Ligand code: GLU
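In our numbering, the protein residues as written are 1 to 417.
The following block contains the structure:
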């Protein structure tokens, strides 16, 4: 990882630019540039064959001035502490831009969850929780799902925490299964929130979305639901999708139900009957109206940004675009809905889940959707108006909105001025 691709260095450079425009003090800048706390630890797990494996794990609490830290846990073979730091920083700006009373954090385990059995995955999840139980809590730091972690993993972690604490505390973690104190609507919330922002972007750009060609990179939770909701709700024609093994393209459109069935049957989207196989790199450069990066960090770079043709880039992934690429997309007139705005639907419904857990009183799906729409739409327009008035690209505008709020909380608490 070079300093051009290190996600934490990228997150710091993005912040530096915003701090300059906001005119914050050097002390405030120094404080916002690094995590407030971080924990690095090991999780030993007994494997099914009786042997032991020791996994490296992290939990980074970036900033909790605006409320308990909040952010998911990733299980990924390429996890690094700097990736977790960057993601924790982005969570801080994310909860701030949608104006929910939470801070930002992130966790990770270096592992390949696909090579673990169900039992091994459960022991790893419970082991992770045993190590962080006293570092987190409903009023300190609240984890959630992220790349390769699921509602089932959240359920195991919640259960382990309640055993350790000796009482019922479902608000320690969000993204739980609905029958076990999860919120209705959390499953597709990240994509749904992104769809609301695409709708608003089309409104301000005067763009007709009916049948608009769309490419989606990444076919996990966010990518799959973006395909479904984008088609059903906005009328998009999804012409390309991909996962870590490659992508597929059919200019006439890809049927959601059939694509899901194919992925479930074969474990990949490639070789889908009636579509052409393409690479992940090719997908980004297709002649589409909407491009949805919904995979991992660092996908749109100085090297390929000039070939992106989409009018709207809706970033459901965290950190898919490097700062150099941002400039190129801006100059070329692509309208970027930046990650920590576009994908904030997940954490927003996580916040709703916490509220419901605290009251032990549960909302209907319509109540969740309505409140999510209001949060996303308000945040979208705050960022759009900032970009227009300061004549900056949308990511920088989102930073200006979010960092200002966090800095205000930090200063008002008297930590740093
Ligand atoms: N992992 C998701 C994200 O990056 C959700 C976090 C949460 O719900 O706390 O936004």
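Just so it is clear, CB atoms sit at the ideal spot from N, CA and C, and this is done for glycine as well. Fair warning: this is a prediction, and the values are worked out from it, not measured in the lab.
| query | result |
| --- | --- |
| Residue of 147, 5, 312 and 410 minimising C-alpha distance to residue 338 | 312 |
| Within 8 Å, strictly: CB atoms of residue 91 and residue 71 | yes |
| Contact under 8 Å by Cβ, residue 61 with residue 88 | yes |
| Cβ-based neighbour list, residue 144, same chain, cut-off 8 Å, excluding 5 preceding and 5 following | 70, 71, 72, 73, 154, 173, 174, 175, 346, 347 and 350 |
| Buried versus exposed call for residue 266 [16 or more other C-beta atoms within 10 Å across all chains shown] | exposed |
| Limits of the alpha helix (DSSP H) - the one that residue 265 falls within | 256-266 |
| Rounded separation between residue 420 and residue 394 - CA only | Given a span of 1 to 417 for the chain in the structure shown, any question on residue 420 remains unanswerable. |
| Continuous alpha helix (DSSP H) stretch holding residue 13: start and end | 7-22 |
| Per DSSP, the bridge partner or partners of residue 59 | 39 and 107 |
| Coarse secondary structure for residue 135, derived from DSSP in three states | coil |
| Assumed close pair residue 240, residue 215 - CB separation to whole angstroms, cut-off 8 Å | 4 Å |
| Cβ separation of residue 424 and residue 196, assumed to be a contact under 8 Å, to the nearest whole Å | There is simply no residue 424 to check, as the chain begins at 1 and stops at 417 in what is shown. |
| Spatial neighbours of residue 13 in its chain, beta-carbon cut-off 6 Å, leaving aside the 5 residues before and after | 323 |
| Nearest residue (CA-CA) to residue 358, options 137, 264 and 380 | 137 |
| Nearest candidate by alpha-carbon position, reference residue 94, set 123, 234, 127 and 194 | 194 |
| Closest residue to residue 96 among 392, 385, 301 and 376 (Cα-Cα distance) | 376 |
| Neighbourhood of residue 305 by C-beta distance below 6 Å, restricted to the same chain and skipping five residues each side | 325, 328 and 329 |
| DSSP state of residue 74 mapped onto helix, strand, coil | strand |
| Beta-carbon proximity of residue 230 to residue 211, cut-off 8 Å | no |
| Boundaries (first-last residue) of the beta strand (DSSP E) holding residue 219 | First-last for residue 219: undefined, no H or E at that position. |
| The ligand GLU heavy atom lying under 7 Å from the CB of residue 350 | yes |
| Check: residue 103 C-beta below 7 Å from any heavy atom of the ligand GLU | no |
| Separation of residue 294 from residue 220, as counted between CA atoms | 8 Å |
| Spatial neighbours of residue 415 in its chain, beta-carbon cut-off 8 Å, leaving aside the 5 residues before and after | 31 and 65 |
| Range covered by the beta strand (DSSP E) that runs through residue 246 | 246-249 |
| Collapsed DSSP secondary structure at residue 287 in the structure displayed | coil |
| Status (buried if at least 16 other CB within 10 Å, exposed otherwise) for residue 170 | buried |
| Proximal residues to residue 188 (C-beta, below 6 Å), its chain only, five neighbours per side dropped | 225 |
| Residue 407 - containing alpha helix (DSSP H), residue span | 394-413 |
| Where residue 326 falls: helix, strand or coil (DSSP) | helix |
| Residue 71 CB to nearest heavy atom of the ligand GLU below 7 Å | yes |
| Short Cβ contact (8 Å threshold) for residue 218 with residue 183 | no |
| Whole-angstrom C-beta distance between residue 20 and residue 63, which should lie under 8 Å | Going by Cβ atoms, the distance from residue 63 to residue 20 rounds to 19 Å, so no, they are not a contact pair. |
| Closest residue to residue 202 among 15, 334 and 343 (Cα-Cα distance) | 334 |
| Reduced DSSP secondary structure (H/G/I, E/B, other) of residue 176 | coil |
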